[in-house]
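Worksheet: one structure, shown below.
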Amino acid sequence: MIRPSACPQHTSCHDRPHARSPMPTRPSTPSPWKAARDYNRGLTPPVRWLHAIAAALRTALAPALGWLNTPGQRFWRWPILLGTLGVLILWQYDAAVAEWARNLRLGGDFRRELEALQQFGGLGSLVLVAVLVWTLTPANRRRLADLAAAAAATGLATYIGKILIGRPRPRMHETYDAGVILAPTGVHPFPPPLGPRHAWEFWQPIGSDFWSFPSSHTSAAVALAVFLAVLYPRARWVWITLVAVVALARVLFGAHYPSDVVAGAALGVIVAVPIVTSRVASRRFPGRPPPNRPDNREPRGRHPETPTL
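The structure is reproduced here in structure tokens:
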């Protein structure tokens, strides 16, 4: 049985105009201000005013939040913003916190434990982590090159910041206030034969009393924590806690002001995150790139190259 053609005679199906399905239209989203004005008309005036204020803030902050959340740049924009705000807020309380820390007499086992834990991120802890990674997770041995690069770059950036800013440490409170910055033009009258010297004259035996900002212990701890968070994300709160302990210890021992450790933490994130996540050093080795994590699995709902710090 011959079925009749679905197309009219002398007409090809390819010549027939096809009816296009209408494109789905996305409903327009009203502005937060309009939604607060129209949707909340039945509420009491104080609640409506609060909604209107919140809508105005969302509208005003939308460009800034969009800039901060740009993919690929959040790793440095948020640390810069939060670090700057933290420094500006804590700067006015640095003197009071430092005086409180001086009057706090720490001793016994608690002080010894803090003195040991504050070395997280130091050379000894880097060697210990390298030995453990080399022994327990051979697939990540080449990632140790990223750890070395992150630690070196973070240390160099922090050191440059210290000598250029030249902030006296809290133990210099009898001579300098908490808000004093010497560098680049200020000098300190060292006793003879050294004489007046700048904080950036690191080749002179001036010590580290004028290298308070930012905290190198905190930035080094963050660099190590970023590396460990990329390789072992399930223990990320352990690494975050260790960074917090380092920052707290540096303040309690009178080595830094609170704003110093905040700046050190922000600097550590800005420098270490791109080095570790992009495998700056390990990818230069021949062979298959090492996995980002021991089990080679990425967490759900998160960019695979972003540490969960």
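As numbered in my numbering, residues 1122 to 1430 make up the sequence shown, in order. By construction, the Cβ of each residue, glycine as well, lies at the ideal position given by its N, Cα and C atoms.
- Of ALA1269, ALA1365 and ALA1274, the smallest CA-CA separation from ALA1386 is found for ALA1365.
- Per DSSP, the beta-bridge partners of PRO1310 are PRO1317.
- Between ALA1368 and SER1336, the gap from beta carbon to beta carbon is short of 9 Å.
- One Cα belongs to ALA1217, the other to GLY1300, and the distance between them is close to 12 Å.
- Between the alpha carbons of ILE1201 and ILE1391 lies a distance of about 8 Å.
- Taking all protein chains shown into account, GLY1228 has fewer than 16 neighbouring C-beta atoms within 10 Å of its C-beta and is therefore exposed.
- Per the coordinates, the alpha-carbon of LEU1268 lies some 6 Å from the alpha-carbon of PHE1348.
- Taking a cut-off of 8 Å for Cβ pairs, the stretch 1307-1322 and the stretch 1376-1385 do not touch, as fewer than three such pairs fall below it.
- A contact is defined here as three or more CB-CB pairs under 8 Å, and the stretch 1276-1294 meets this definition with respect to the stretch 1320-1337.
- Beyond the five residues adjoining it in sequence on each side, TYR1297 comes within less than 6 Å, by CB distance, of PRO1289 in the same chain, given in chain order.
- In this structure, THR1362 keeps its C-beta atom at 9 Å or more from the C-beta atom of GLY1242.
- Restricting attention to VAL1382, ASP1330 and VAL1351, the CA atom closest to the CA of ALA1341 is found in VAL1382.
- Going by C-alpha positions, GLY1204 is about 21 Å away from VAL1359.
- For SER1340, the enclosing alpha helix (DSSP H) stretches over residues 1337-1352.
- Where SER1246 is concerned, the enclosing alpha helix (DSSP H) starts and stops at 1244-1257.
- The beta carbons of LEU1315 and ILE1327 sit closer together than 9 Å.
- The beta carbon of VAL1397 is closer than 6 Å to those of ASP1267, ALA1271, VAL1347, PHE1348 and VAL1351 in its chain, skipping five residues each way along the sequence.
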